[in-house]
Structure formats: C-alpha cells, structure tokens
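A.B. asks:
Number of protein chains: 2
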Amino acid sequence: MRPLITIDWGTSALRGAQLDANGQVMASRDFSRGIMSVPPGQFEAVFNELFGDWMENPDALCLISGMAGSRQGWQEAPYCPCPAGFAELGQHLLWLQAGRIALVPGLSCLNAGPLNIPDVMRGEEVQIFGALQLAQRDSATLVLPGTHSKWVKVDSGRVTHFNTFMTGEVYALLSQHSILGKTLDMKGAFDTDAFLQGIDQSQQNGSVLHHLFGVRTLGLFNRMPATAMTSYLSGLLIGEELRTQTKAARIGPVILIGNETLTMRYALALQHLNIDSQCLGAQATWSGLFALATTLIETP
Amino acid sequence: MRPLITIDWGTSALRGAQLDANGQVMASRDFSRGIMSVPPGQFEAVFNELFGDWMENPDALCLISGMAGSRQGWQEAPYCPCPAGFAELGQHLLWLQAGRIALVPGLSCLNAGPLNIPDVMRGEEVQIFGALQLAQRDSATLVLPGTHSKWVKVDSGRVTHFNTFMTGEVYALLSQHSILGKTLDMKGAFDTDAFLQGIDQSQQNGSVLHHLFGVRTLGLFNRMPATAMTSYLSGLLIGEELRTQTKAARIGPVILIGNETLTMRYALALQHLNIDSQCLGAQATWSGLFALATTLIETP
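Sequence lines, in order, name chains Z and B. Going by numbering that gives the first Met the number 0, the first sequence opens with residue 0, and the numbers climb by one from there. Going by numbering that gives the first Met the number 0, the second sequence opens with residue 0, and the numbers climb by one from there.
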C-alpha cells in the first residue's frame, strides 16, 4: 500500500499522522497552525515546511480534512450534498496535486421548512465515517458536541441528514459576556446533580430563552450555589438539543464523538433520558481518513 | 391632593416627574445617573441633589420604582409575591421616610416545573398597572420587550404570573460576540420580509439553537443579503418567545409596553400570527405610579 499521510487542518489547530497499511498511527504531529494563523497564499508553504519530509516518497498519498477546504483555507472544496457516503466524498475530493494531495470536502444538507435553510459541516464527516468503522455499524445517530454541535443521521453508510446547534458558542457567550456571568462561578467542579436538574428543566414547556433567566433567579434567591450554576447552565443548553432531537424520532444507541469532558456530559444526559450511547474520541478522524484513502486506492 | 413626585430609577437611567392632581406631568427631569453610577451609601445624597427642590413642600409624596429597590440600589425592597395588584404593592412599599418617600417593590412568582424556579421583575410592575389604567382594562396579556423581555398575565387587576426571556441580551451577544456577527451587517435598515421569515422559521420544529446556525449558512450560500440578516435574527428570537407564549393559551389583544422600535416589531410579529395588539410607551410608568399614589392617599 502507498504511504498514507492524513491531516486534520482546523480553524485553530493542525494535526497530522503517518498511517501504516493497517491504519495504525506510526507518527503524529500537532501544531497551533490552524487556518486562522496562515496568511492567504501561504498554505502550501506551511504544509511543505511541516510535512514536506513525510511527502518525500513519490508514492505518498495525503488527504486533508477540515477548514483547510473552506473559503478561508488553502482552497475552497465545495460541499458534497447529502445523502453522502465514502463514494460521494471520494468523487468530490479537490485534488491539489493530482492523485497525491487532496482536500476532503465538507457535507451540506437542506432543512425542511419555508426557507429550506442549508446546514453544513467540514471535518466532522471523516470523524463520522471513522466512528462508524470503529463501531462496526453502517446506520446510527451520531452526535459531535462542541462549539457548533452536530446531530447526524446515517443510513446504510450514508449521511442522510444533520442539524447544527450553536450550543457551545452560546454557552461561552452567556458565561463570559452576559448578566449570568455575574452569578456563575466558573471555577466550580462539574456538578452532576445540578447538570441533571438543568436537563430536566430544559424538557419542560417553555423556551430556553426563559429557562436561561432562571440561572439568574436561582442565584438571586440563593437556591443554588454559584459553583453548581455552570453545570446547571450546561444542562439547560445540552438539554435543549436533546429535547428536540430525542423526541423527533426513536433513536437507537447514539454514537458520541469528541473530547471526553463533553461526550461524558452528553452520555450522562442521554442515560438520564433512557437512551444508550457509546463514546469515541480523536481516533475517529484517522480511522475515517484511512478508510477513505483505502477506498481510493482500491478503486482506481 | 398632596404634591406627587414619581421617580423611575433604573440600572443606567434616572427619570423623575412632578404630577398634578390628574396625573399629568407638570415637569420632568432625566439623568444618566442609574444605580450603577451611584456609590453605595450615596443614594440619598444623589436624590437630594437632583430632586431636593421638588421635595421642599412638607406634604410632598415621592414613589420610586425600578432598580433603586434592588440589592445594589438605595435599599433592598423585597419582591412582592404574585398574585399582586395595587393593594399588595401598596402593602409592600418600603418607606425610606415614613409616609413621604417610598420604594415600590418588584414582583416575584414561581414557575411550574421540578425546581419551581422563581421569576422576578422590578420597575415593570408600575408600567403594567399604568398601562392597564391607560387601556381601561383589568385583565390582559402584556408584553414588555427589552433586554429581559417579560410576558405578563393580569387577571382582575392582579398580576397572576409572568415569564422573563433573555431575548434582547441574547440578540446583543450574538450580534456582537458570536460567529454570526461576521455575517451580519448591523447598519442595514429594518427589513420586514426578512423579519417575518425569521418569525416563520422560529415556529418550525426544532430548537432556536439550531435555527440560529441558519443565519450563518444563509450568508455562506448567499441566500440572504447581510443587511437583511439582522432583521432575520431578530425575527428568530422574538419568534421563539411567541412560539411558546402564543400557543400556551388563547390570548386576547396583547398590550405591548416599551420603546416604539421594539413594540412595532412585536406588533408586526403578533399580527403575522393573527393576534391583535396595542402599543403603549413611557407614559405607562407615570400612570402606574400616579394610580398607586392615588390608592395610598385614598386609603390612609
């Protein structure tokens, strides 16, 4: 098999790995050289500087996922429309050097509703396909928590639909810039009870815009310690996702992909609502890129 | 009748008015001397400096509403629990000078749900009672849009329940500090069509945390001009309030209290959902304080 280089080039971080013929990581490198730090026109130079030695073998194949394929990245790789699986991703690769270096496109889908508003992801698609490989499943509901949290439906190996939620960003805005910040003690350890109280409250009738004000009044009336408030706020916002996604359809065991802190919270919340889940971490990215590369190499 | 001085002492502004025996404003004064600008212990001095001449008449009666009665204000006037009307407010006045200067308390109520979370208002209660006087009604649903928007149910002259929504604050956070800020052109004039598209979208299934991400993708795919986006975002957030409040119960003509820019938007959105409304402005504050003072004077 050809030497395989996989790169995850995000907004703020850049990670690369050399994989062996079984998809195992032989070497990896991490840099704080996300696309925001790279001046326009300098992407190739940065790539050569950081990974040029890995690319010296003329047979090397390099796949790059993430924001490097966005309008602000190396080159814009147009979104691949859903439903999409490995085959569609492979067909929509943007080759920077023919047969040698390619950008993996993100996915897009259209929401129901009067405006048919598009939704997008970039980078998550390889994690999704990697996670399905690791979990040995070809149909599942997957959740990728984070700044812009994604709920994804995969059917027979293809992403059929997904929804993005601004949960992580709204949590950061509220705790850093809103009046709630005065009530919260961000140094408090994670408080499971307060978190689950937030989950329960978010399942009640009414709007999250109203429930959020409760964070202030609970503090005002000394009904919850300031150290527990951050966990309660986190529960309110994660619970708002769950309220709309878990009622929408019967969902089987959910696959959670992301860092442990966040996936643990989602797993706890799902369990509280009697939904099983399974957590997977960063290895999903390399698995996904490896599986995609294998498809390319096997089907010339 | 005794000379009547009414003061609305908020977080950032301080307004005062001298009313005649019919409740008409004889003179008014506005200062940028909200409670945030007054050092602890200095409230009486500031009051005497700005309104001492109006208080020279030994018969003068002064009622002060707003954040001056909060923990950070002149003195804390404990919340008056709902249901509450003029009688309950009058009983819960906090007299700073017996029979002469009083702080009007805010209102509190308890929400249904596992935590019975309290809700609070301070200053809005006099606007509500004033608006009911002006509209000559004793039962109504009232909305006070703003940073922390209030939906209020009044039955036979008493506030029975209310809900606060962090709509205005979340709008400011998203447009100033979030990734959506990059998509929005805040200088765009109000766009009725985009606003009503936001209202329609917010009534769809799904969470506002998801709908918000649509502001980004509509921009990404050039599906809406940047100048129209702020109106669309405003529609999404105001629509989220309406989604939960207008479905909750059959509501008659709604009374909207606040500045014209905001009440006009709510009136437009309500009309779009086939709900009548009536707008009232700042005069509601003086009407409410006048009516409250009248009650006090009539029932010694």
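Think of the CB as a built atom: it goes at the ideal place given N, C-alpha and C, for glycine as much as any other residue.
1. State the start and end residues of the unbroken beta strand (DSSP E) segment that holds R14(Z).
2. Quick check: S276(B) and L267(B), are their CB atoms within less than 7 Å of each other?
3. Using a C-beta to C-beta distance shorter than 7 Å, which residues of chain B count as neighbours of G112(Z)?
4. Please give the ranges of any beta strand (DSSP E) in the stretch 228-279 of chain B, keeping only runs that are unbroken, at least 3 residues long and fully inside the region.
5. Tell me which residues of the stretch 81-103 of chain B have at least one Cβ-Cβ distance to chain Z shorter than 8 Å, keeping chain order.
6. Any contact between the stretch 57-67 of chain B and the stretch 139-154 of chain B? By contact I mean 3 or more CB pairs, one from each, below 8 Å.
7. How about C79(B) and L49(B): are their beta carbons less than 7 Å apart?
8. Give the straight-line distance between the Cα atoms of K186(Z) and A193(Z), rounded to the nearest whole angstrom.
9. If distances are taken between C-alpha atoms only, which option among N110(Z), F128(Z), L60(Z) comes closest to Q96(Z)?
10. State the start and end residues of the unbroken alpha helix (DSSP H) segment that holds R215(B).
11. Can you look up N47(Z) in the DSSP assignment and give me helix, strand or coil?
12. Can you give me, in chain order, the residues of the stretch 183-195 of chain Z that have a beta carbon less than 9 Å from any beta carbon in chain B?
13. Would you be able to state if there are at least three C-beta pairs under 8 Å between the stretch 205-215 of chain Z and the stretch 161-173 of chain B?
14. Under 6 Å Cβ to Cβ from L183(Z), same chain only, skipping five residues before and after it: list those, please.
15. From the beta carbon of V119(B), is the nearest beta carbon of chain Z less than 7 Å away?
16. Verify whether the separation of the beta carbon atoms of H176(Z) and H176(B) is less than 7 Å.
17. Short of 9 Å Cβ to Cβ, which residues in the stretch 146-169 of chain Z face chain B?
18. Report yes if the C-beta distance between A76(B) and L88(B) is below 7 Å; otherwise report no.
19. Around the C-beta of A188(B), are 16 or more other C-beta atoms found within 10 angstroms, so that it is buried, or is it exposed?
20. Along chain D, which residues have their Cβ under 9 Å away from the Cβ of I178(Z)?
21. Let me know the secondary structure DSSP gives K186(Z) once reduced to three states.
22. What ranges does the beta strand (DSSP E) occupy inside the stretch 74-144 of chain B, keeping only unbroken runs of at least 3 residues that lie completely in it?
23. How about I116(B): is its C-beta nearer than 7 Å to some C-beta of chain Z?
24. Identify whether M35(Z) lies in helix, strand or coil by the three-state DSSP scheme.
25. Run down chain B in chain order and give the residues with a C-beta less than 8 Å from the C-beta of V37(Z).
26. What does the alpha-carbon distance come out to for the pair L295(B) and A44(B)?
27. Quick one: what's got a C-beta closer than 6 Å to D29(Z)'s C-beta in the same chain, skipping five residues either side?
28. Measuring CA to CA, which of W150(Z), A12(Z), V125(Z) is closest to L255(Z)?
29. Have a look at Q244(Z) and G40(B) and give me their C-alpha separation to the nearest angstrom.
30. Would you call P299(Z) buried or exposed, if buried means 16 or more other Cβ atoms sit within 10 Å of its Cβ?
31. Roughly how many whole angstroms lie between the Cα atoms of M0(B) and A101(B)?
32. Are G287(B) and G129(B) touching if we call contact CB-CB under 7 Å?
33. In chain B, which residues lie less than 8 Å from E259(Z) when you measure between Cβ atoms?
34. Could you give the DSSP three-state label for P299(Z): helix, strand or coil?
35. Helix, strand or coil: how does DSSP classify M25(B) here?
36. State yes or no: is the beta carbon of E239(B) nearer than 7 Å to at least one beta carbon in chain Z?
C.D. replies: Based on what the coordinates show:
1. 13-18
2. no
3. Q200, Q203
4. 253-256, 276-279
5. none
6. no
7. no
8. 15 Å
9. L60(Z)
10. 207-219
11. helix
12. none
13. yes
14. S174, M228, T229
15. yes
16. yes
17. T146, H147, S148, W150, N162, T163, F164, M165, T166, E168, V169
18. no
19. exposed
20. The question asks about chain D, but that chain is absent: this structure's protein chains are Z and B.
21. coil
22. 93-96, 100-102, 106-109, 117-120, 139-143
23. yes
24. helix
25. By Cβ distance, chain B contributes nothing, its closest Cβ being about 18 Å from V37(Z), past 8 Å.
26. 26 Å
27. R14
28. W150(Z)
29. 51 Å
30. Bear in mind that a pLDDT of 44 at P299(Z), under 50, signals an unreliable position, so the number given afterwards is only what the model happens to contain. Counting Cβ neighbours within 10 Å, P299(Z) comes out exposed, since fewer than 16 surround it.
31. 17 Å
32. yes
33. In chain order: nothing, as chain B lies at least about 23 Å away.
34. Confidence at P299(Z) is low in this model, with a pLDDT of 44, below 50, so the placement of that residue should be treated as unreliable; the coordinate-derived value is given next. Correct three-state label for P299(Z): coil.
35. strand
36. yes
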